[in-house]
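Novice: Starting off with a structure, shown below.
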Amino acid sequence: MPSMNSSDPTNVLRYRPRRLRRTETLRKMVRETTLSVNDLIYPMFVTEGEGQKVEIASMPDCYRYSLDLLLKEIQEVYNLGINAIALFPVVPEELKDETATESYNPDGLVQRTVKAIRQAVPEIIVMTDVALDPFTNHGHDGLIDDQGNILNDPTVEVLVKMSVSQAAAGANFVAPSDMMDGRVGAIRQALDAAGYIDVGILAYSAKYASAYYGPFRDALDSAPKFGDKKTYQMDPANAKEALKEVELDIAEGADMVMVKPALAYLDIIHQVRNATQLPVAAYNVSGEYAMIKAAARMGWIDEKKIILETLTSMKRAGADLILTYFAKEVALMLA
Ligand code: PBG
1 MPSMNSSDPT NVLRYRPRRL RRTETLRKMV RETTLSVNDL IYPMFVTEGE GQKVEIASMP
61 DCYRYSLDLL LKEIQEVYNL GINAIALFPV VPEELKDETA TESYNPDGLV QRTVKAIRQA
121 VPEIIVMTDV ALDPFTNHGH DGLIDDQGNI LNDPTVEVLV KMSVSQAAAG ANFVAPSDMM
181 DGRVGAIRQA LDAAGYIDVG ILAYSAKYAS AYYGPFRDAL DSAPKFGDKK TYQMDPANAK
241 EALKEVELDI AEGADMVMVK PALAYLDIIH QVRNATQLPV AAYNVSGEYA MIKAAARMGW
301 IDEKKIILET LTSMKRAGAD LILTYFAKEV ALMLA
């Protein structure tokens, strides 16, 4: 019988991975992934009025701000080191119509807000959402025909007008989240023709038809009034199709590409990472946020640790940037 004594040199454990986990200093030294405030993009909701700060029921600690209070909040998050915000408008019902005309109103809520941010916090990067759903009375991201089909090319024409008006207001990036075919190329061409060559495009390239958007639709009152978004947003079962969408958006001129949602799609983030040299963004969406907040409020999980672990998993999967409603909380934690 050979001896099982570990002092026997013929029976020594050559590899002991735990050796590198012994102390925090060692662990820091061999850490492969780090989450930084520089990775974060903060989605924020703007609403009409003054002095408004209204919590979103299904998104605790997340608010709809009127412009005056939004500017204060943006100054604060910029001071915390957050480089960029993604702006979403809460559009009054009476301004919604079938064709989203309010989306390209030069004096619309988004356009006024972007101008004001540019004045108040000139260094922060402002990304504007390009999609019709906050502006349509039916809640879809596109124009519809009599049968309720979502029309692609006529929608792209509106998205183009919307993008140019956001660029005119001072947006640094436009972020088409609508999933119409060909919109990135059409937007790029129109921005260039209007002289906005430095305005970038963050393309929601692989955006899935996901139940994780529920709380966001509460925040904007933008849930579709009929049907669902499955004829334009992607089937959650598909991965190869995500790579095709990314390839098309890059060919059309996207500066950065996005995978959305993030947590149930880490494999997609990873594959997109390997398919492009462009920055890859992941959207830690409203439903992912709500699940963590809810469990934390029940006392079932450690909120801060879960947030950091979750966002780190997105970086580890290959995301360079993360859109997250936790951005301010994380900036405070990392400070
Ligand atoms: C709309 C849009 C949605 C989100 C961002 N832009 C919802 C949707 O497509 O229905 C979701 C964001 C989130 O859930 O956090 N084009």
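Count the sequence shown with full-length UniProt numbering and you get residues 1 to 335, in order.
The beta-carbon is built from N, C-alpha and C at its ideal position, and this holds for glycine as well.
Quick check for students: name the residue ranges of the beta strand (DSSP E) that lie wholly in the stretch 270 to 307, counting only runs of 3 or more.
Specialist: 280 to 284
Novice: Would residue 58 and residue 215 be called neighbours here (beta carbons separated by less than 8 Å)?
Specialist: yes
Novice: With a threshold of 6 Å on Cβ separation, who are the neighbours of residue 225 within its own chain once the five nearest residues in sequence on each side are excluded?
Specialist: 138, 139
Novice: With H, G and I counted as helix, E and B as strand and the rest as coil, what does DSSP make of residue 132?
Specialist: coil
Novice: Whose C-beta lies closer than 6 Å to the C-beta of residue 319 among residues of the same chain, with five residues either side of it excluded?
Specialist: 269, 280, 282
Novice: Should residue 183 be counted as a contact of the ligand PBG given a C-beta to heavy atom distance under 7 Å?
Specialist: no
Novice: Quick one: does the C-beta of residue 213 sit closer than 7 Å to a heavy atom of the ligand PBG?
Specialist: Yes, the Cβ of residue 213 comes within 7 Å of a heavy atom of the ligand PBG.
Novice: State yes or no: is the C-beta of residue 142 within less than 8 Å of the C-beta of residue 180?
Specialist: yes
Novice: Let me check understanding here. Comparing Cα to Cα, which of 236, 240, 284 lies closest to residue 258?
Specialist: Residue 284 is the option with its Cα nearest to residue 258.
Novice: Among 78, 50, 20, 85, which one has its Cα closest to the Cα of residue 322?
Specialist: 85
Novice: Taking the beta carbon of residue 30 as the centre, do at least 16 other beta carbons fall within 10 Å, making it buried, or is it exposed?
Specialist: exposed
Novice: With hydrogens ignored, establish whether the beta-carbon of residue 287 is closer than 7 Å to any heavy atom of the ligand PBG.
Specialist: yes
Novice: Beta carbon of residue 45, beta carbon of residue 91: below 8 Å?
Specialist: Cβ distance not < 8 Å, so residue 45 and residue 91 don't count as in contact.
Novice: Under DSSP, the alpha helix (DSSP H) around residue 72 begins and ends at which residues?
Specialist: 67 to 79
Novice: Since residue 162 sits in a beta bridge, which residues does DSSP pair it with?
Specialist: DSSP lists no partner for residue 162.
Novice: Return yes when at least one heavy atom of the ligand PBG lies under 7 Å from the C-beta of residue 226, else no.
Specialist: no
Novice: How about residue 183 and residue 151: are their beta carbons less than 8 Å apart?
Specialist: no
Novice: Does the ligand PBG have even one heavy atom less than 7 Å from the beta-carbon of residue 64?
Specialist: no
Novice: What's the call for residue 240, buried or exposed, on a 16-neighbour Cβ count within 10 Å?
Specialist: exposed
Novice: For the alpha helix (DSSP H) that contains residue 29, what are its first and last residues?
Specialist: Start and end: 24 to 29.
Novice: Check each candidate in 271, 209, 202, 245 and name the one with the smallest Cα separation from residue 41.
Specialist: 202 is the residue among 271, 209, 202, 245 whose C-alpha sits nearest the C-alpha of residue 41.
Novice: What's the call for residue 293, buried or exposed, on a 16-neighbour Cβ count within 10 Å?
Specialist: By the neighbour-count criterion, in which a residue is buried when 16 or more other Cβ atoms sit within 10 angstroms of its Cβ, residue 293 is buried.
Novice: According to DSSP, is residue 180 helix, strand or coil?
Specialist: Note: residue 180 maps to coil in three-state DSSP.
Novice: Quick one: is residue 277 buried, meaning 16 or more other Cβ sit within 10 Å of its Cβ, or exposed?
Specialist: Residue 277 is exposed by the Cβ-count criterion.
Novice: Under three-state DSSP, which class holds residue 324?
Specialist: strand
Novice: Per DSSP, what kind of secondary structure is residue 403 in: helix, strand or coil?
Specialist: Not covered by the structure: residue 403. The range shown for the chain is 1 to 335.
Novice: Measure the alpha-carbon distance for residue 126 versus residue 12 and round it to whole angstroms.
Specialist: Our two residues, residue 126 and residue 12, have alpha carbons roughly 58 Å apart in a direct line.
Novice: I'd like the span of the beta strand (DSSP E) that includes residue 46, first residue to last.
Specialist: 40 to 47
Novice: Go through its chain and collect everything with a Cβ distance to residue 104's Cβ below 8 Å, but skip five positions before and after it.
Specialist: Here the set comprises 158, 161, 162, 164, 165.
Novice: Per DSSP, which residues does residue 125 bridge with? Please list them.
Specialist: 84
Novice: If we count the other Cβ atoms within 10 Å of its Cβ and call it buried at 16 or more, is residue 189 buried or exposed?
Specialist: By the 10 Å Cβ count, residue 189 comes out exposed.
Novice: Mind checking residue 298: buried by the 16 CB within 10 Å criterion, or exposed?
Specialist: exposed
Novice: Closer than 6 Å by C-beta to residue 26: which residues in its own chain qualify, once you throw out the five before and the five after it? Chain order, please.
Specialist: 20
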